Amino acid sequence: MRKGLSRRTFLGGSALAGAGLLLAACGQAQMAGEAPASEEMAEEPKAEEKTEAMEPAVVNYLHVDLAQNEIWQNSWGNIFDTFAEKHPDLNLTVTGTSFGELPAKAGAAQAGGIAFDAVYGYFAWLGPFIDSEIITNLDPFLAADSDVSPDDFYDATTERYQGKIYGFAWFSNGKEIWFNKNLFTEAGLKNPAEREADGEWTYEALLEDAKVLTKMDGDEIVQGGVRLYAGYTSYLCMYAWAYGADFWDEGCTAPTFTTDAFREAVQFHVDVALKHKVMGGSYTEGTQAMFNTGSFNVRTFEAQITPNNLFEIGMAPMPNGPAGRPVALANNAMY
5 MRKGLSRRTF
15 LGGSALAGAG
25 LLLAACGQAQ
35 MAGEAPASEE
45 MAEEPKAEEK
55 TEAMEPAVVN
65 YLHVDLAQNE
75 IWQNSWGNIF
85 DTFAEKHPDL
95 NLTVTGTSFG
105 ELPAKAGAAQ
115 AGGIAFDAVY
125 GYFAWLGPFI
135 DSEIITNLDP
145 FLAADSDVSP
155 DDFYDATTER
165 YQGKIYGFAW
175 FSNGKEIWFN
185 KNLFTEAGLK
195 NPAEREADGE
205 WTYEALLEDA
215 KVLTKMDGDE
225 IVQGGVRLYA
235 GYTSYLCMYA
245 WAYGADFWDE
255 GCTAPTFTTD
265 AFREAVQFHV
275 DVALKHKVMG
285 GSYTEGTQAM
295 FNTGSFNVRT
305 FEAQITPNNL
315 FEIGMAPMPN
325 GPAGRPVALA
335 NNAMY
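If you read the sequence shown in this note's numbering, its first letter stands for residue 5, the second for the next number, and so on.
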């Protein structure tokens, strides 16, 4: 390995490092060549001779660029500025793309023989990135680095595959039920947070409230009771866990989609959408009472709801199911 850029060096440039959040390079930066052994014993240049300056090393980073989001831009701008201040000998080259396009861009670069030193990561991309050899595991770097240890991080915020670590979350969020307090007050209903405090917050309670809060204009839902996402595995897993079901058995040797518990969980969410017809409206426009999402959406809420004082925002945990309410963490990591 060439000297000059360790994974810890890249970490040190992150404004989040002090908070225990890891920003780590996925591979080495392209470094200027070291002097061959035959030149190490050469005479020192005379005073009047000028030596050629070594070109700065380049760190290439593939980034999710939310161009229209001021909070995101300011946060990452601070990170990049801090990196530049701490490492003037390194040139950070940032290639921005949208969240949806990043996996394809990373794959195309890999196919073309272009390797990024760091890639913005998301937990759902881990498998494809490993299979395509876009990223490498961090274990060799961690073994050589006394400043960073996996023990510094919660297990759920480490991106692992087959016992190897591929990334640490620089932020992580769960899933909650966000609600429009105004709509609950107008309907004379306890809101989800109040139901939670009284020990009444269940999926059945969510459905009953959604029925009351849904308003129709003919066949059109003009005010939706709730928005759930059973069509997404990152949400469906939580709905299944709440019913004591899972995608696979404990050893991941066989799928368990056909268990009674899994069918019950899926049927509930199918009925919410197709039988009871309470899914519709827009939370950010004030026409949806409950929205199953994560804290990542706070940026959107602050931009679209808060400035106009559209309504009072509320948040509650996921409802309780027959087997409780386990919640999945959605990690945004650095590979």
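For every residue, glycine included, the Cβ atom is placed at its ideal position computed from N, Cα and C.
As the structure is a computational prediction, the values presented were derived from the model and not from experiment.
- C-alpha of Y236 to C-alpha of D93: approximately 44 angstroms in a straight line.
- Closest in C-alpha terms to A214, from the list C241, E190, Q292, V123, comes Q292.
- Contact check for G125 and Y339: beta-carbon distance about 4 angstroms, within the 8 angstroms limit, so the pair qualifies.
- Secondary structure at P196: helix, using DSSP grouped into helix, strand and coil.
- When Cβ pairs closer than 8 angstroms are counted between the two stretches, the region 261–278 is seen to touch the region 234–251, the count reaching three or more.
- If you check the CB distance, Y65 and D121 come in under 8 angstroms.
- In terms of Cβ geometry, I139 and Y170 form a close pair [threshold 8 angstroms].
- DSSP places A334 in the uninterrupted beta strand (DSSP E) bounded by 334–338.
- C-alpha of T206 to C-alpha of F175: approximately 28 angstroms in a straight line.
- Spatial neighbours of I225 in its own chain (CB-CB distance under 6 angstroms, excluding positions within 5 residues in sequence) are listed in chain order as G284.
- Check the Cα spacing between A197 and each of K219, A332, A61, N324: the tightest is with N324.
- With a cutoff of 8 angstroms on beta-carbon distance, V230 and M294 are scored as near each other.
- For F272, the enclosing alpha helix (DSSP H) starts and ends at 264–274.
- Secondary structure in the region 150–184: the beta strand (DSSP E) runs of 3 residues or longer, each lying completely within the stretch, are 162–165, 168–177, 180–184 in chain order.
- Taking F183 as reference, the option from V331, N301, H280, G117 with the minimal CA-CA separation is N301.
- By the Cβ neighbour-count rule, F172 is buried, with 16 or more other Cβ atoms within 10 Å of its own.
- Between the alpha carbons of P107 and L193 lies a distance of about 44 angstroms.
- The Cβ atoms of K179 and T262 do not sit closer than 8 angstroms to each other.
- E289 and T304 have their alpha carbons spaced roughly 11 angstroms apart.
- Residue pairing from DSSP leaves M322 without any beta-bridge partner.
- Collapsing the DSSP output to three states places D202 in coil.
- Sequence-distant partners of T97 (beyond 5 residues in either direction) whose C-beta falls short of 8 angstroms from its own C-beta, in its chain, are V62, V63, N64, Y65.
- For G100, the closest of E163, G116, A71 by C-alpha to C-alpha distance is A71.
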